[in-house]
Amino acid sequence: MRIFRKSADLVEFLRANHANGLRLGFVPTMGALHTGHISLVSNSMEQNELTICSIFVNPTQFNNPEDLAKYPVTIEKDIDMLEASGCQLLFLPDPSQIYPAGYQARHYDLGNLETILEGKYRPGHFQGVCQVVDRLLSIVNPDILYLGRKDYQQCMVIARMLTLTGRNITLDFVETMREPDGLAMSSRNVRLNESDRVRAIQIYRSLQWLKKNVKPGNLSPLKAEAVQQLTDHGFEVDYVEIASAESLSITENWDGRESLVALAAAFCGPVRLIDNVTLS
Ligand code: AMP
Numbered sequence: 002m003r004i005f006r007k008s009a010d011l012v013e014f015l016r017a018n019h020a021n022g023l024r025l026g027f028v029p030t031m032g033a034l035h036t037g038h039i040s041l042v043s044n045s046m047e048q049n050e051l052t053i054c055s056i057f058v059n060p061t062q063f064n065n066p067e068d069l070a071k072y073p074v075t076i077e078k079d080i081d082m083l084e085a086s087g088c089q090l091l092f093l094p095d096p097s098q099i100y101p102a103g104y105q106a107r108h109y110d111l112g113n114l115e116t117i118l119e120g121k122y123r124p125g126h127f128q129g130v131c132q133v134v135d136r137l138l139s140i141v142n143p144d145i146l147y148l149g150r151k152d153y154q155q156c157m158v159i160a161r162m163l164t165l166t167g168r169n170i171t172l173d174f175v176e177t178m179r180e181p182d183g184l185a186m187s188s189r190n191v192r193l194n195e196s197d198r199v200r201a202i203q204i205y206r207s208l209q210w211l212k213k214n215v216k217p218g219n220l221s222p223l224k225a226e227a228v229q230q231l232t233d234h235g236f237e238v239d240y241v242e243i244a245s246a247e248s249l250s251i252t253e254n255w256d257g258r259e260s261l262v263a264l265a266a267a268f269c270g271p272v273r274l275i276d277n278v279t280l281s
């Protein structure tokens with residue numbers, strides 16, 4: 002696997018290889034890689050001649066400085082995992098490569114995606130996500146961009162950002178990889194202590210409970226029950242919501258036809274976990 006630390010070197014390499022007509026798949030990450038990340042890489046490897054992964058812990062998307070300071074960094078292990086996956090290229094920039102002197106952050110008009118769910122609880126987060134992905138895309142210029150459904154709202158935000166910027170890049174949303182007990186794989190899971198790790202599974206259980214019990218009509222009592230289940234297991238809940246799977250607008254009354262997704266964010270001890278499950 003070739004590792005690039007400088008944007009200019011990567012741009013030059015890709016220009017030469019893209020000129021050969023090789024299809025390029027791109028998997029942006031913040032490192033601390035797990036099997037979920039590698040499934041994105043594997044999807045890209047199947048569909049493209051060249052796959053590039055990036056590892057960059059983007060400071061502009063952390064609304065909480067403590068979360069940034071505690072973000073796990075396991076770069077040697079990450080490189081080993083990527084080598085083993087067959088990934089051909091790794092972009093490992095430092096912040097000056099992504100935000101060089103004179104970089105002007107633009108504002109992305111994300112509409113209601115900016116103010117609901119993660120947007121509400123992490124102000125500025127999605128502007129930061131758009132900034133870094135926009136910059137990475139301008140450097141990598143892939144044919145296909147691979148994103149995980151685990152970050153459902155992020156998938157929608159990036160789709161909107163591509164429309165806003167007019168970038169002609171295909172999006173591929175990859176299913177969430179889970180631990181055998183159902184917990185969604187996440188870089189943050191390593192920060193769960195033993196007992197928190199055991200009860201962390203409740204977030205998936207409550208989402209599955211919503212899937213089983215959802216029926217047309219007022220959804221508020223169902224959501225309140227799921228919040229209660231999590232609270233009973235010691236979670237501090239940011240939200241449990243049911244929304245349109247297409248627009249992500251919150252659904253209060255279900256007509257029985259609209260495709261729905263249930264999404265949750267809650268603290269399990271000091272670790273904030275998010276997850277989602279499509280309901281219909
Ligand atoms: P992150 O490093 O957390 O920013 O994640 C990088 C990419 O991997 C994002 O597109 C995530 O949605 C995706 N991802 C994270 N966790 C999982 C998972 N458990 N299954 C599939 N994709 C994931």
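Note that the working numbering gives residue 118 to position 117 of the sequence shown, counting from 1, and the numbers run on in steps of one. The beta-carbon is built from N, C-alpha and C at its ideal position, and this holds for glycine as well. Keep in mind it's a predicted model, so treat the numbers as computed, not measured.
Under the criterion of a Cβ to heavy atom distance below 7 Å, does D135 qualify as lining the ligand AMP?
no
Find out if the Cβ-Cβ distance for the pair P66, P96 is shorter than 8 Å.
no
Between L90, G270, L208, which lies nearest to S281 when the distance is taken from Cα to Cα?
L208
Relative to the ligand ZN, what is the chain-ordered list of residues with a Cβ closer than 6 Å to any of its non-hydrogen atoms?
What this structure holds is the ligand AMP, not the ligand ZN.
What does DSSP give as the partner residues of P29 in its beta bridges?
S55
Here's the rule I'm using: 16 or more other beta-carbon atoms within 10 Å means buried, otherwise exposed. How should T252 be labelled?
buried
Threshold first: 4 residues or longer. Then list the alpha helix (DSSP H) segments lying entirely within the stretch 218-279, N to C.
221-233
Do you know offhand how far G129's Cα is from A106's?
9 Å
Could you check whether the stretch 155-169 touches the stretch 182-202, counting it as contact only if at least three pairs of C-beta atoms, one from each stretch, sit closer than 8 Å?
no
From L51 to C88, what does the alpha carbon distance come to, in whole angstroms?
8 Å
DSSP three-state assignment for D173, whether helix, strand or coil
strand
Given this structure, state the Cα-to-Cα distance separating N18 from G26, to the nearest angstrom.
13 Å
Pairing CB atoms from the stretch 137-154 with CB atoms from the stretch 37-47, are three or more of them under 8 Å?
yes
Extract the residue ranges of the alpha helix (DSSP H) inside the stretch 60-140, only unbroken runs of 4 or more that lie entirely within it.
66-70, 76-86, 96-99, 119-122
Given a cut-off of 8 Å on the beta-carbon distance, is the pair N190 and N219 in contact?
no
Please classify H108 as buried or exposed, where buried requires at least 16 other C-beta atoms within 10 Å of its C-beta.
exposed
In chain order, what residues of the same chain have a beta carbon less than 8 Å from the beta carbon of V74, not counting five sequence neighbours either side?
G32, A33, V58
Would you mind giving the Cβ-Cβ distance between G270 and L148, rounded to the nearest angstrom? I have them listed as a contact below 8 Å.
So it is not a contact: roughly 28 Å between Cβ atoms.
Which residue marks the beginning of the beta strand (DSSP E) containing I4, and which one marks its end?
3-5
Supposed contact pair K224 and E242 - C-beta distance, whole angstroms, cut 8 Å:
7 Å
Nearest-angstrom Cα distance between A246 and L11?
36 Å
R24 (DSSP reduced to helix, strand or coil):
coil
Between Q155 and L249, what straight-line distance do the alpha-carbon atoms span, to the nearest angstrom?
11 Å
According to DSSP, is R179 helix, strand or coil?
strand
Roughly how many angstroms lie between the CA atoms of D276 and K151, to the nearest whole one?
6 Å
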